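What follows is a set of notes on a single structure, which appears directly below.
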Amino acid sequence: MSGTGEALEMIHLNTAGQGRMPDAVRTVLTECVRLEDRFGPHELEERVGDLVHGEVHQRLERLLNTPDGHTELFTGGAAAFDALLSGLTLGRRDRIWTTPYESAAHLATLRSVRDRTRCRLEVVPLRPDGDLDLEWMTTHIDDSVALVSVTHVPANRGIVNPVEDIGRLLAPYRCLYAVDAAYSLGQLPVDTSSIGCHLLTGDGWRFLRGPRSVGFAYVAPRLREELSRADSGDEAPRTAAFASPIPATAAVAAFASVLAHHAENPAPPYDDLVPALRSAVVAVAGMELLAPGRRHSAMLAFHHPELSAALIRRGLAERGVAVRKTVAEQTPLLARPRSGTTALCASVHNGNTQQDIADFAEALAAVVADARSGHAFPRTDTARVALVGS
232 MSGTGEALEM
242 IHLNTAGQGR
252 MPDAVRTVLT
262 ECVRLEDRFG
272 PHELEERVGD
282 LVHGEVHQRL
292 ERLLNTPDGH
302 TELFTGGAAA
312 FDALLSGLTL
322 GRRDRIWTTP
332 YESAAHLATL
342 RSVRDRTRCR
352 LEVVPLRPDG
362 DLDLEWMTTH
372 IDDSVALVSV
382 THVPANRGIV
392 NPVEDIGRLL
402 APYRCLYAVD
412 AAYSLGQLPV
422 DTSSIGCHLL
432 TGDGWRFLRG
442 PRSVGFAYVA
452 PRLREELSRA
462 DSGDEAPRTA
472 AFASPIPATA
482 AVAAFASVLA
492 HHAENPAPPY
502 DDLVPALRSA
512 VVAVAGMELL
522 APGRRHSAML
532 AFHHPELSAA
542 LIRRGLAERG
552 VAVRKTVAEQ
562 TPLLARPRSG
572 TTALCASVHN
582 GNTQQDIADF
592 AEALAAVVAD
602 ARSGHAFPRT
612 DTARVALVGS
């Protein structure tokens, strides 16, 4: 871990950014790309058509515990959210609720709906500990609230929001309930029937560890009815909201494979690794956790008020540890850390070990010590740099 220039196996603590595909899934993706390159897209479609048009949905429905026929594929969870909610028919007296943990992409969609319909967009406040204020929601909910959007696990904080409790709170009212599960699927149980949501969106490449450019949505019958009414002039069962670009065939086949792998190898609880991560961070002088709320996930955000996140990330990469730099713009409504607009996020997967965390702790302490003393980070060979990325 001392940065001698040798090509080392990277310690991957960036599952929230890009999960490492299991070998079996990578094999499926590679073979599909090979077939498409040699024989063309139609041949590949014939070989895997049943998988990408039928079985992938069955596996996704089992993962989410949804009824048959209520999942759709998109190129990403944010694309699904925009396609399915941007055309909602709301009135001036309607209210949309979001939270400070809403992603920038989803917030852009909600603001677009507000601007088009002249409805009101309101932000659910946080308690002093960072949890969503459910008492405020209980006090202010009525049938003027038409849509509530909640992020299960935010992009740059490890808090787990109580989506099941919120679903029970909202159930007696007319509002649609949307849940962003992009950062929770694959590391936490996600059950749409327990949540009680009408829309749940996610990505396949984070903790599920599938290929990029595959996202999905669970769409409840009530939301489908709303979309049908909004899509005037189209009498077909599929509304315009479902006409967005779909993922490539090879990527969908690999995603079907990752769903099968996850069913056989569900992520274990991270009760031992996450506390070790926290201890590693707080042991470094000056390092601060960004860990609001009472319940936390397999992600840990942190920053140093005197050192840039980019500098620390590069230093860790030079020592064989991959983490993710986050920016405040990912969650525009959330208060920024004292260091400004950037922070770091470490996220574990079921292949990580306690030794990985110990090596991370050693590397983080060394990076901060070197940075504060003005020492340059050691250089590595190009193969190792290419593996880390920017």
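Numbering (the working numbering), first residue to last: 232 to 621. Glycine residues also receive a C-beta, built at the ideal position from the N, C-alpha and C atoms. Small disclaimer: the values here were computed from a predicted structure and weren't measured.
Check, Outcome
"If we ignore side chains and look at the alpha-carbon of each, how far apart do residue 689 and residue 423 end up?", "This structure gives no information on residue 689, because the portion of the chain shown stretches from 232 to 621."
"Over the uninterrupted alpha helix (DSSP H) stretch that includes residue 256, give me the two end residues.", "254-270"
"For residue 317, which of helix, strand or coil comes out of DSSP?", "coil"
"Under three-state DSSP, which class holds residue 242?", "strand"
"Quick one: what does DSSP say residue 577 is sitting in, helix, strand or coil?", "strand"
"Please list the terminal residues of the continuous alpha helix (DSSP H) segment that includes residue 344.", "335-348"
"Just to confirm, are residue 450 and residue 303 a CB contact at a threshold of 9 Å?", "yes"
"From the DSSP output, in three-state form, read off residue 373 for me.", "coil"
"Rounded to a whole number of angstroms, what is the C-alpha to C-alpha distance between residue 366 and residue 482?", "43 Å"
"Which two residues bound the contiguous alpha helix (DSSP H) that contains residue 546?", "540-549"
"Consult DSSP for residue 572 and reduce its assignment to one of helix, strand or coil.", "coil"
"Counting Cβ pairs, one atom from each stretch, are 3 or more of them under 8 Å apart for the region 436-453 and the region 318-336?", "no"
"Here's a check: name, in chain order, each residue in its chain whose Cβ is nearer than 8 Å to the Cβ of residue 523, leaving out the five neighbours to either side.", "357, 360, 361, 362, 388 and 390"
"If contacts are defined as beta-carbon pairs under 8 Å, then residue 439 and residue 417 qualify, I think. What distance do you get, rounded to the angstrom?", "4 Å"
"Residues in the same chain with beta-carbon distance under 8 Å from residue 557, minus the five sequence neighbours each way, listed in chain order, please.", "386, 387, 532, 540, 573, 574, 575 and 576"
"Could you please give the first and the last residue of the uninterrupted beta strand (DSSP E) stretch that includes residue 555?", "555-558"
"Is residue 513 buried or exposed, if buried means 16 or more other CB atoms sit within 10 Å of its CB?", "exposed"
"Sorted by chain position, which residues of the same chain lie with C-beta nearer than 7 Å to residue 492's C-beta, five sequence neighbours on each side aside?", "253, 255 and 256"
"Leaving out five residues on either side along the sequence, give the residues of the same chain with a beta carbon under 7 Å from the beta carbon of residue 374.", "404 and 405"
"Exposed or buried, what is residue 603 when buried is set at 16 or more other beta-carbons lying within 10 Å of its beta-carbon?", "exposed"
"Since residue 592 and residue 511 should fall inside the 8 Å C-beta cutoff, what is the C-beta to C-beta distance between them, to a whole number of angstroms?", "3 Å"
"When the Cα atoms are used, what is the spatial distance from residue 501 to residue 484?", "29 Å"
"Output needed for residue 478: all residues of its chain with C-beta closer than 7 Å, excluding positions within five of it in sequence on either side, in chain order.", "304, 306, 444 and 445"
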